[in-house]
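Enquirer: If you're matching them up, the sequences are chains A and B in order.
The first sequence: position 43 = 43 (the UniProt record's numbering), numbered continuously.
The second sequence: position 79 = 79 (the UniProt record's numbering), numbered continuously.
In this text, a Cβ means the ideal position worked out from N, Cα and C, and glycines have one as well.
Starting off with a structure, shown below.
2 protein chains.
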Amino acid sequence: MQKNRQTTIIDIAKQLGVSPSTVSRALHNHPSISAETKKNVLALAEKYSYQPNLLALSLLNKRTGIIGIVVPEITSYFFATVISGVQDMVSSAGYKLLICQSNESFEEEKKLLQDMALLRVDGVLISPTFRTKTFDHFDRLKSAGIPLVIFDRDCPHYKADKVLVDSYDGAYQAVEYLIKTGRHNIAHIAGPIAFPTFKQRLDGYLNAHYDNNIPIRSELIVYSDGFSSDYGVDAFVQLIARNKKLDALFAVNDAVAIGAMRVIRENGYRIPEDISVVGFDDESYAQYYFPPLSTVWQPVYELGMLSAKILLDHFASKELGERFRYEILKPELVIRESSISLS
Amino acid sequence: MQKNRQTTIIDIAKQLGVSPSTVSRALHNHPSISAETKKNVLALAEKYSYQPNLLALSLLNKRTGIIGIVVPEITSYFFATVISGVQDMVSSAGYKLLICQSNESFEEEKKLLQDMALLRVDGVLISPTFRTKTFDHFDRLKSAGIPLVIFDRDCPHYKADKVLVDSYDGAYQAVEYLIKTGRHNIAHIAGPIAFPTFKQRLDGYLNAHYDNNIPIRSELIVYSDGFSSDYGVDAFVQLIARNKKLDALFAVNDAVAIGAMRVIRENGYRIPEDISVVGFDDESYAQYYFPPLSTVWQPVYELGMLSAKILLDHFASKELGERFRYEILKPELVIRESSISLS
DNA sequence: GATACAAGCGCAAAGGTTTGCGTAAAGGGA
DNA sequence: TCCCTTTACGCAAACCTTTGCGCTTGTATC
């Protein structure tokens with residue numbers, strides 16, 4: 001009997017010889033129910049450990065209490081930490097989190113958003129694929145009344161709530177620091193610059209040179225197709241092959257940096273004496289690397305919290321409002337032993 | 001009008017002057033609906049881009065198409081990768097994944113499982129908290145007809161489907177390898193051994209000594225309260241203070257290993273010449289570490305796939321059956337430059 | 001001309017909960 | 001005794017979809 005079915009409000013009603021509505025009101029402590037009846041209902045509810053059926057409630061209220069989040073990949077420190085921030089924020093507001101990864105596939109992203117619309121999630125947080133160039137699937141969600149917040153990866157020209165990190169500023173800080181420490185031959189391993197984030201880091205690198213009157217030597221820039229450690233290895237092998245003078249490296253991220261550092265060492269250069277290295281992201285292992293990696297820290301957890309907060313604000317002020325929030329968080333340079341002043 | 005509402009089967013029915021049931025059957029290509037009617041229905045459904053309401057369907061079918069997964073933390077390489085495996089498996093079967101983290105809090109774990117029961121997820125994958133000693137909340141789920149698969153972390157004496165990695169074997173392999181390479185004074189930084197996983201690694205360390213007739217020197221074992229890099233630092237500082245002869249280190253995981261390696265270097269020891277180091281987990285950065293870290297690889301992605309597979313099998317063969325699956329995956333030793341034969 | 005059969009569709013229930021409104025009984029005051 | 005008010009509860013709709021069963025036509029058969 002109790003095998004497969006949760007007890008419902010109807011079961012309790014039948015057993016007490018009252019109507020389901022009475023049971024519902026009793027459970028909600030409605031004034032027009034007698035103390036006697038309430039007592040009986042509560043007792044039975046307790047006995048069968050009654051739990052309301054959320055599906056029925058959702059159908060009725062048109063609210064599921066679920067927030068969806070779509071990230072390109074879940075296995076990176078960055079997104080996992082964002083999710084942590086989101087989780088903490090939404091769960092304290094009583095929401096559940098539906099996490100999905102698009103694996104950088106645009107088709108997958110469309111399908112996931114579609115699923116979320118069908119499930120009637122209350123809101124969606126998304127960090128779009130690098131391949132996302134059209135936004136019909138975003139609009140479909142909005143016109144279904146589901147608010148959307150974009151985080152980390154910008155969609156230029158698309159109007160929406162956004163929470164981003166100022167990659168340009170982070171890169172600028174890093175490169176200017178390298179310049180100030182006397183390094184004037186700074187290589188850069190850029191990520192795929194079709195991606196705004198990586199383009200911004202490249203721009204930061206370029207403008208820091210410009211503002212400090214250091215000529216840019218294009219032969220010190222490698223454009224990489226990816227941004228994992230393997231690409232860092234390949235990229236620095238190319239730099240070595242070019243046989244140009246260089247005394248510092250600014251890598252598009254930490255993973256690329258440590259890939260490059262292996263090649264640097266294997267070619268007999270010392271870090272940081274011969275070559276100062278600065279990464280980007282401040283991954284958890286960066287401080288324990290040898291030598292500990294100078295890098296650009298991003299307020300990742302805060303990024304998640306803030307994105308979630310904006311979504312929650314939407315729920316509070318029912319209006320979809322034409323004003324979009326646009327928040328830019330500032331990264332911070334963290335100096336460790338992989339970089340040092342040229343003496 | 002189209003502002004906030006998805007079009008329903010009823011809207012279409014009204015507009016066509018037929019009943020909702022006819023529309024439903026038309027959409028499902030039921031034989032007893034005329035081609036004419038079908039055409040009209042399909043046309044309208046297309047026009048309004050009708051999507052069935054999954055909540056109503058779930059309520060009807062008692063199936064949500066959602067699988068829940070609870071992990072202690074999402075920001076670790078290990079669990080993030082497991083989730084990837086699970087995701088790939090379940091999404092190809094048409095299920096959606098609800099991911100939650102318990103933050104190693106038993107209360108949180110109970111609450112999450114509770115939520116999942118309320119949401120009527122179709123099944124649950126869980127890697128329990130280290131503090132999970134009672135299993136009523138698991139039983140509650142099962143008696144609600146929701147199948148449960150436990151992965152990675154064992155709950156001794158609790159009967160359930162389980163997918164585990166043989167930590168004992170991994171540790172044994174690692175330590176035996178160190179012994180065979182001539183290291184007979186092997187330190188071990190153990191994790192909190194109240195946790196079965198870490199206890200097993202310690203046992204592997206001990207038995208490898210025993211089987212190879214190497215005496216165990218208890219002064220070379222440090223029992224750590226945690227398992228992040230910081231604990232690795234502290235633990236090796238203790239070892240140094242004891243001032244005992246040692247020529248190798250087997251750390252409970254990679255994070256602890258790299259923490260310890262910093263201390264090793266700072267004290268003037270060479271890796272691997274003076275001290276061979278082996279970790280556990282094969283985190284993504286291990287191969288790029290300096291020197292590249294010898295470690296024990298675990299089939300993490302496969303772990304996720306298999307766990308999910310077992311859950312899916314449950315759905316297929318409706319029977320909850322008294323036979324529980326118990327799968328043990330084998331880890332593999334990966335030798336890199338942080339360890340070397342004593343010459 | 002009556003019967004059989006098929007095609008094509010609608011009714012209503014089921015899934016669980018909430019809530020506006022209606023109603024019955026009980027109590028009080030006149 | 002009558003009326004009004006309060007107390008305590010039930011009805012039914014609403015949320016949306018599926019499906020067994022039954023109903024109405026029209027056509028074919030003898």
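(1) Taking C-alpha atoms, which residue in I12/B, G94/B, A286/B and P31/B lies nearest to V256/B?
(2) I'd like the list of long-range same chain contacts for S265/B, defined as Cβ closer than 8 Å, with 5 residues on each side in sequence excluded.
(3) Should D115/A be flagged as near chain B, meaning a C-beta pair shorter than 8 Å?
(4) With contact counted as at least three CB pairs below 8 Å, one residue from each stretch, are the stretch 329-340 of chain B and the stretch 275-283 of chain B in contact?
(5) Under a Cβ-count criterion, where at least 16 other Cβ atoms within 10 Å of its own Cβ denotes burial, should E109/B be classed as buried or exposed?
(6) Strictly below 8 Å CB to CB, what residues from chain B border S58/A?
(7) If we cut at 8 Å on Cβ distances, does F290/B have a partner in chain A?
(8) By DSSP's criteria, A208/B is part of a beta bridge. Which residues make up the other side?
(9) Under 9 Å Cβ-Cβ, which residues of chain A neighbour L98/B?
(10) Please return the same chain residues whose Cβ sits closer than 8 Å to the Cβ of S127/B, not counting the five positions on each side in sequence.
(11) Going along the chain, which unbroken runs of the beta strand (DSSP E) with 3 or more residues stay wholly within the stretch 109-141 of chain B?
(12) In chain order, what residues of the same chain have a beta carbon less than 7 Å from the beta carbon of K330/B, not counting five sequence neighbours either side?
(13) Determine the extent of the beta strand (DSSP E) in which I271/A is found, giving its start and end residues.
(14) If V121/A and I67/A are in contact, beta carbons under 8 Å, what's the gap, nearest whole angstrom?
(15) Check the Cβ of I258/A against every Cβ in chain B and list those closer than 7 Å, keeping chain order.
(16) Can a CB atom of chain B be found closer than 8 Å to the CB of R265/A?
(17) Using a 10 Å radius around the Cβ and a threshold of 16 neighbouring Cβ atoms, would you call L60/B buried or exposed?
(18) With 16 as the cutoff for other CB atoms within 10 Å, does R201/A come out buried or exposed?
(19) Could you tell me whether the stretch 35-48 of chain B touches the stretch 7-18 of chain B, where touching means 3 or more Cβ pairs closer than 8 Å?
(20) Quick one: which chain B residues come within Cβ less than 7 Å of S84/A?
(21) Which bits of chain B does Q6/A rub up against, with CB to CB less than 7 Å?
(22) Using the beta-carbon count (16 or more within 10 Å), is I328/A buried or exposed?
(23) Which same chain residues end up closer than 6 Å to K162/A when comparing Cβ atoms and leaving out the 5 residues on each side of it in sequence?
(24) Taking the alpha carbon of I193/B as the reference point, which residue from H184/B, N185/B, I186/B and G204/B has its own alpha carbon closest?
(25) Is it buried or exposed for Y210/A, if we count other Cβ within 10 angstroms and need 16 for buried?
(26) Which of the three DSSP states is assigned to residue 348/B in this structure?
(27) Suppose you measure from the CA of residue 347/B to the CA of Q6/B; what does that come to, to the nearest Å?
(28) Can you tell me whether R5/B is helix, strand or coil according to DSSP?
(29) Determine the burial state of N253/A: buried for a count of at least 16 other Cβ atoms within 10 Å of its Cβ, exposed for fewer.
(30) Looking at chain B, is there any beta carbon in it that lies within less than 8 Å of the beta carbon of A80/A?
(31) With a CB to CB cut of under 7 Å and the five nearest residues on each side skipped, what residues in its chain are close to W297/B?
(32) Could you work out which residues of chain B lie near L42/A, taking near to mean beta carbons separated by less than 7 Å?
(33) Quick check on DSSP: helix, strand or coil for H188/A?
(34) Could you tell me whether the Cβ atoms of L98/A and M116/A are closer together than 8 Å?
(35) For Q101/B, does the three-state DSSP call read helix, strand or coil?
(36) Please compile the residues from chain A whose C-beta is within a distance smaller than 9 Å of the C-beta of R120/B.
Expert: Looking at the atomic coordinates:
(1) A286/B
(2) Going by the sequence as given, residue 265/B is Arg instead of Ser. Only I271 meet the Cβ criterion.
(3) yes
(4) A contact exists between the stretch 329-340 of chain B and the stretch 275-283 of chain B.
(5) buried
(6) At a C-beta separation below 8 Å, S58/A has these neighbours in chain B: L55.
(7) Interface residue, yes.
(8) The partner list for A208/B (beta bridge, DSSP) is empty, contrary to what the question assumes.
(9) I66, K96, L97, L98 and I99
(10) Only V70, V71, P72, F79, V82, I150, F151, D152 and R153 meet the Cβ criterion.
(11) 123-126
(12) D166 and D169
(13) Taken as a continuous stretch (DSSP letters only), I271/A belongs to no beta strand (DSSP E), as it is neither H nor E.
(14) 6 Å
(15) Y285 and Y288
(16) yes
(17) L60/B should be labelled exposed.
(18) buried
(19) These segments touch.
(20) Neighbours of S84/A on chain B, chain order: I74 and T75.
(21) The contacting residues are A144.
(22) exposed
(23) I150 and Y326
(24) G204/B
(25) Exposed is the call here.
(26) Given that chain B is displayed from residue 1 to residue 343, the structure contains no residue 348/B and the question cannot be resolved.
(27) This structure cannot settle anything about residue 347/B, because the visible part of chain B is limited to 1 through 343.
(28) coil
(29) Result: buried.
(30) yes
(31) D282, P331, E332 and V334
(32) Per Cβ cutoff of 7 Å: no residues; L42/A is ~19 Å from chain B at best.
(33) H188/A falls in the strand class under three-state DSSP.
(34) yes
(35) strand
(36) Scanning chain A for C-beta atoms nearer than 9 Å to the C-beta of R120/B yields Q6, N53, L54 and L55, reported in chain order.
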